[in-house]
Amino acid sequence: MFVHITGTGSYLPERVVTNAELAAKLDTTDEWIYSHTGIRSRHIGADDESTSAMAVKAARAALASAGVAPEELGLIIVATSTSDYQAFPSTACLVQHELGAVNAACFDLQAACTGFIYALEAARGMLRQNPRPALVIGAEMMSRIVDWNDRNSCILFGDAAGAVVLEASHDVPGGIWHSILKADGSGSQLIVREGGARGLASGPWMQHTLQMKGRAVFNFAVKVFDEVLCGLLNRSGHTFADLACVIPHQANARIVEAVARRMEVPLETFYMNMETIGNSSAASIPVALDMAITSKKIKEGDLIAMVGFGAGLTYGGILMSWRGQAAKPALAAHPTA
Ligand SMILES: CC(C)(COP(=O)(O)OP(=O)(O)OC[C@H]1O[C@@H](n2cnc3c(N)ncnc32)[C@H](O)[C@@H]1OP(=O)(O)O)[C@@H](O)C(=O)NCCC(=O)NCCS
């Protein structure tokens, strides 16, 4: 069975926070942040905005671009580490209700910044059981969990949501070819956000902010990026030259540059938008995918790879060919359900 992405959408909150604005409150500068990260600004959600509200906006755009009605959906997965509620209800259930996607099973998936890659692969597997279209969303309100007094971490993150619609076919080749999902729990303490059931019997959830060992995470990211990308290409028998575009998790432009140097491949193949968006965790890859498609960096027939890494530690990637809207009539002519 082939599983295609047939629509994408994204949403960024209106408010833009520049490095200069951060430098007015922290011991940092625009020059330091840009030279160490490639980030100049990020979007931050309004006080009355929520992860689910952003997810719904990205989802509506993805459904419109796929030409799929909410009631056709059989599954909604929201990849997030910043769900509206600490445990339940899931953000996916809130999104389902807002959309009116009454036939969809719903759950959240937490694999930090690799969440969208994990969610995409989970949805691909579940489409075998229920071939109705699936909605996979990455949505994050990172601004609610970062420590705005910690110059080592807060400069990196932003808020965003990205979504894709997945549709299955037995006959229309293309879509997702290979995936790699991996984790290394031995690095679990490199990025931590406490406030869960472990050892914290009291205290409001929101007191706990993200804590990170930046340099160690940087080194981990460069190492596993190479491993995932080479692994995907080895499995498929392709070389880097066959790839039209690599969508990296938008953590830090210097990570991507280090990967390109290490693999001796042209930097231009990597799509980057962190300059104006920063690291939006699980939202970063679907937002970048949507922007790369909308800006025609990715065209019909292109072979692309998406690579994520993050807390857990988790990492992974997806290799797929993008058929774009051309897949839609073909899928309709060969219905799976
Ligand atoms: C966080 C990160 C930007 C820090 O950059 P770095 O080059 O590794 O810097 P270091 O942590 O080695 O710190 C070097 C110095 O810069 C300082 N520094 C850190 N942040 C700073 C800031 N915003 N402004 C000015 N100085 C800063 C440190 O305090 C340190 O000072 P010291 O030498 O006096 O102790 C970088 O490590 C990074 O991006 N790591 C990956 C993080 C990530 O992607 N996390 C999410 C993964 S999904």
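Just so we're aligned, residue 749 is where the sequence shown starts under my numbering, counting upward by one.
Just so it is clear, CB atoms sit at the ideal spot from N, CA and C, and this is done for glycine as well.
beta-carbon residue i near ligand 1 non-hydrogen atom, thresh 7 Å
| i | result |
| --- | --- |
| residue 904 | yes |
| residue 690 | This structure cannot settle anything about residue 690, because the visible part of the chain is limited to 749 through 1085. |
| residue 1011 | no |
| residue 965 | yes |
| residue 899 | yes |
| residue 791 | no |
| residue 776 | yes |
| residue 1020 | no |
| residue 827 | no |
| residue 848 | no |
| residue 851 | no |
| residue 1054 | no |
| residue 736 | What the structure shows of the chain is the stretch from 749 to 1085, and residue 736 is not part of that stretch, so it cannot be assessed. |
| residue 878 | no |
| residue 1058 | yes |
Within-8 Å CB hit, residue i to chain B
| i | result |
| --- | --- |
| residue 887 | Of the protein chains in this structure there is only one, and it is not chain B. |
Burial state of residue i, where buried means 16 or more other Cβ atoms lie within 10 Å
| i | result |
| --- | --- |
| residue 1076 | buried |
| residue 805 | buried |
| residue 836 | exposed |
| residue 896 | exposed |
| residue 1015 | exposed |
| residue 944 | exposed |
| residue 768 | exposed |
| residue 838 | buried |
| residue 1034 | buried |
| residue 758 | buried |
| residue 1021 | buried |
| residue 850 | exposed |
| residue 819 | exposed |
| residue 881 | buried |
Limits of the unbroken beta strand (DSSP E) element including residue i
| i | result |
| --- | --- |
| residue 750 | 750 to 759 |
| residue 813 | Residue 813 -> not in any beta strand (DSSP E); alpha helix (DSSP H) instead, spanning 799 to 814. |
| residue 925 | 923 to 931 |
| residue 959 | 958 to 960 |
| residue 791 | 789 to 792 |
| residue 1001 | Run containing residue 1001: none in the beta strand (DSSP E); it sits in the alpha helix (DSSP H), 1001 to 1011. |
| residue 907 | 907 to 917 |
Run of the alpha helix (DSSP H) containing residue i, from where it starts to where it stops
| i | result |
| --- | --- |
| residue 865 | 863 to 874 |
| residue 766 | Careful: residue 766 lies outside any alpha helix (DSSP H), inside the beta strand (DSSP E) at 763 to 766. |
| residue 841 | 839 to 847 |
| residue 778 | 778 to 785 |
Q: Go through the region 1017 to 1071 residue by residue and report every complete run of the alpha helix (DSSP H) that reaches 4 residues or more, in order.
A: 1022 to 1025, 1032 to 1042
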